[in-house]
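Undergrad: Quick one: the structure is below, and I'll ask about it shortly.
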Amino acid sequence: MTPWTLTDIDRALHASWAADTCSPDDLARSGWHPGNPSWGHCDITALVVNDIFGGDLMLGDVHCDGEHFGYHWWNRLPSGVELDLTLEQFQHGQVVTAPRVIQRPPGPLPRRWAEYELLRSRVTAHLGSLPPPAGGTSLGAPPATSS
Numbered sequence: 001m002t003p004w005t006l007t008d009i010d011r012a013l014h015a016s017w018a019a020d021t022c023s024p025d026d027l028a029r030s031g032w033h034p035g036n037p038s039w040g041h042c043d044i045t046a047l048v049v050n051d052i053f054g055g056d057l058m059l060g061d062v063h064c065d066g067e068h069f070g071y072h073w074w075n076r077l078p079s080g081v082e083l084d085l086t087l088e089q090f091q092h093g094q095v096v097t098a099p100r101v102i103q104r105p106p107g108p109l110p111r112r113w114a115e116y117e118l119l120r121s122r123v124t125a126h127l128g129s130l131p132p133p134a135g136g137t138s139l140g141a142p143p144a145t146s147s
């Protein structure tokens, strides 16, 4: 395995983000465009970064002009360093507040599973093999459904 730099990982993510991996909520809010490629990708990007480095998933509330706008995900590495590779998506005065640690759901994600798998496969195409997904997630497994 060839060692990666953080720049390698960041470039692979930038090259992998697209409209088909953007959050449907963010697509509806303002669409996706290559000028702001990380828009709508914080959740699944944080999961891919968690696959690579481990650590904690962080979640914060996003506010804009005093109104609650949504949520933002990033990573806290095992060293305690917080790493946010999608913070640049906020270009219109949005502010992230109330950070908290979130447990990664075990197994397939109940939401955005297909987008996570697609993003992870694109990053893998750029970097080579990634560590297995954290939290016991098995790639290729369908998301859990309720009866």
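Take the sequence shown: its position 59, counted from the start at 1, is 59 in the UniProt record's numbering, and no numbers get skipped. Cβ atoms here follow ideal geometry from the backbone N, Cα and C, with glycine treated the same way.
Tell me whether Asp84 is buried or exposed, calling it buried when 16 or more other Cβ atoms sit within 10 Å of its Cβ.
TA: Here residue 84 is taken as the residue at index 84 of the sequence shown, counted from 1. Asp84 should be labelled buried.
Undergrad: May I have a chain-ordered list of the beta strand (DSSP E) segments no shorter than 3 residues that lie completely inside the stretch 59 to 107?
TA: Correct list: 67 to 76 and 95 to 102.
Undergrad: My understanding is that Ile52 touches Ile9, with C-beta atoms under 8 Å, so please give their C-beta distance in whole angstroms.
TA: Within the sequence shown, residue 52 is the residue found at index 52, counting from 1. Within the sequence shown, residue 9 is the residue found at index 9, counting from 1. About 7 Å; that satisfies the 8 Å criterion.
Undergrad: Could you tell me whether the stretch 62 to 72 touches the stretch 101 to 121, using the rule of 3 or more Cβ pairs below 8 Å?
TA: The answer is no - the stretch 101 to 121 does not touch the stretch 62 to 72, with fewer than three Cβ pairs under 8 Å.
Undergrad: Who are the Cβ neighbours of Asp26 in its own chain at under 8 Å, not counting the five residues just before and after it?
TA: Indexing the sequence shown from 1 puts residue 26 at position 26. Around Asp26: Trp32, Trp39, Gly40 and Gly70.
Undergrad: Span of the alpha helix (DSSP H) holding His126?
TA: Start at 1 with the first residue of the sequence shown, and residue 126 comes out as number 126. It spans Trp113 to Leu127 - the alpha helix (DSSP H) in which His126 sits, taken as one unbroken run.
Undergrad: Report yes if the C-beta distance between Asn50 and Gln89 is below 8 Å; otherwise report no.
TA: Residue mapping note: residue 50 aligns to position 50 of the sequence shown, counting from 1. Residue mapping note: residue 89 aligns to position 89 of the sequence shown, counting from 1. Taking 8 Å as the Cβ cut-off, Asn50 and Gln89 do not qualify as a contacting pair.
Undergrad: Could you please give the first and the last residue of the uninterrupted alpha helix (DSSP H) stretch that includes Ala12?
TA: The count along the sequence shown starts at 1 and reaches residue 12 at position 12. Note, Ala12: alpha helix (DSSP H), Leu6 to Ser16.
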